[in-house]
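Structure record follows, encoded as C-alpha cells.
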Amino acid sequence: MKWWLILLALALPTIAHADPCEGWLPDRPGQAFSGQVRYVGDGDGLCVGDRTNPSTWIEVRLADFDAPELNASGGRAARDQLRQLVMGRRLDCVATRGRNGRVVVYDRVIATCRVNGRRVGDLMRAAGVREGGN
Numbered sequence: 577m578k579w580w581l582i583l584l585a586l587a588l589p590t591i592a593h594a595d596p597c598e599g600w601l602p603d604r605p606g607q608a609f610s611g612q613v614r615y616v617g618d619g620d621g622l623c624v625g626d627r628t629n630p631s632t633w634i635e636v637r638l639a640d641f642d643a644p645e646l647n648a649s650g651g652r653a654a655r656d657q658l659r660q661l662v663m664g665r666r667l668d669c670v671a672t673r674g675r676n677g678r679v680v681v682y683d684r685v686i687a688t689c690r691v692n693g694r695r696v697g698d699l700m701r702a703a704g705v706r707e708g709g710n
C-alpha cells in the first residue's frame with residue numbers, strides 16, 4: 577500500500593504542471609495558424625487558440641528562441657517575460673522543421689510566431705532574456 581502512495585506523490589507534480597493545450601497540431605512546414613495566446617508554460621512554449629476551450633489550443637515550441645529550462649537559472653524569468661510580451665495577444669505562426677528535421681516534437685508544433693509583425697524570439701532577445709535551453 578505504501579508504494580502506491582509514493583508513486584502518487586511522485587506523479588502529482590507532473591500532473592499539476594502539465595499544460596492544458598489539447599488541440600490539433602499543424603504537421604507540415606509552412607502551415608500557417610494563428611490565435612490568441614491562452615497559456616505560457618515556459619520561456620519558449622505557449623498555446624494559442626481562438627476559443628476558450630483548451631481542446632482547441634495549439635501547443636507551440638518557438639523555433640527562433642531557445643529559453644533556459646524552467647528549473648534552470650533564468651528559466652522562470654524567461655517564462656515570465658514571455659507571458660508579459662504575448663499573453664492574451666494574437667500571434668500569427670508558421671510551422672517549421674526543428675533541428676531534428678521534424679515539425680512536431682514532444683506534442684508541440686515548432687513554429688515561428690509574430691505579434692504585430694515582430695518575431696517573438698526577437699522580442700525576447702530585445703527584452704534581454706538570455707538563451708540557453710535544449
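Residue numbers (the working numbering): 577 to 710. Virtual Cβ for every residue (Gly too), placed ideally from N, Cα, C. Being a predicted model, the structure only gives us computed values, none of them experimental.
* To do: Hey, could you find the ends of the alpha helix (DSSP H) Q657 is sitting in?
  => Stepping through the sequence shown from its first residue, residue 657 is reached at position 81. Per DSSP, Q657 belongs to the alpha helix (DSSP H) from G651 to V662.
* Evaluate contact between the stretch 630–641 and the stretch 596–609, counting only Cβ atoms and requiring at least three cross-stretch pairs below 8 angstroms. => Result yes; three or more Cβ-Cβ pairs closer than 8 angstroms.
* Asked: Using the beta-carbon count (16 or more within 10 Å), is G606 buried or exposed?
  -> In the sequence shown, counting from the first residue as 1, residue 606 sits at position 30. Exposed, since its Cβ has fewer than 16 Cβ neighbours within 10 Å.
* Where M713 falls, given that 16 or more other Cβ within 10 Å makes a residue buried -> Nothing can be reported for residue 713, as the shown portion of the chain is limited to 577 through 710.
* To do: Tell whether a beta-carbon distance below 9 angstroms holds between R701 and D668.
  => Residue 701 sits at position 125 when you count from the first residue of the sequence shown. Residue 668 sits at position 92 when you count from the first residue of the sequence shown. Their beta carbons are not under 9 angstroms apart, which means R701 does not touch D668 by this criterion.
* To the nearest whole angstrom, what separates the beta carbons of V696 and R655, a pair I think is in contact under 8 angstroms? -> The residue given as residue 696 occupies position 120 in the sequence shown. The residue given as residue 655 occupies position 79 in the sequence shown. Actually they do not touch by this definition, with Cβ atoms about 13 angstroms apart.
* From the DSSP output, in three-state form, read off V685 for me. => Residue mapping note: residue 685 aligns to position 109 of the sequence shown, counting from 1. It is a strand residue.
* To do: Identify which residue in G619, P630, A703 and D618 has its Cα closest to the Cα of G611.
  => To locate residue 611, count along the sequence shown from 1; it is residue 35. Looking at the Cα atoms, P630 is the closest of the given residues.
* **Assigned exposure category for R684 - 16 Cβ within 10 Å defines buried** => Mapped onto the sequence shown, residue 684 falls at position 108. Counting Cβ neighbours within 10 Å, R684 comes out buried, since at least 16 surround it.
* Asked: Are the beta-carbon atoms belonging to A643 and G708 less than 9 angstroms from one another?
  -> Residue mapping note: residue 643 aligns to position 67 of the sequence shown, counting from 1. Residue mapping note: residue 708 aligns to position 132 of the sequence shown, counting from 1. Yes, the pair counts as a contact, with Cβ atoms nearer than the cut-off.
* **Cα-Cα separation between I686 and G619, rounded to whole angstroms** => The residue you call residue 686 lines up with position 110 of the sequence shown. The residue you call residue 619 lines up with position 43 of the sequence shown. So the two alpha carbons sit approximately 14 angstroms from each other.
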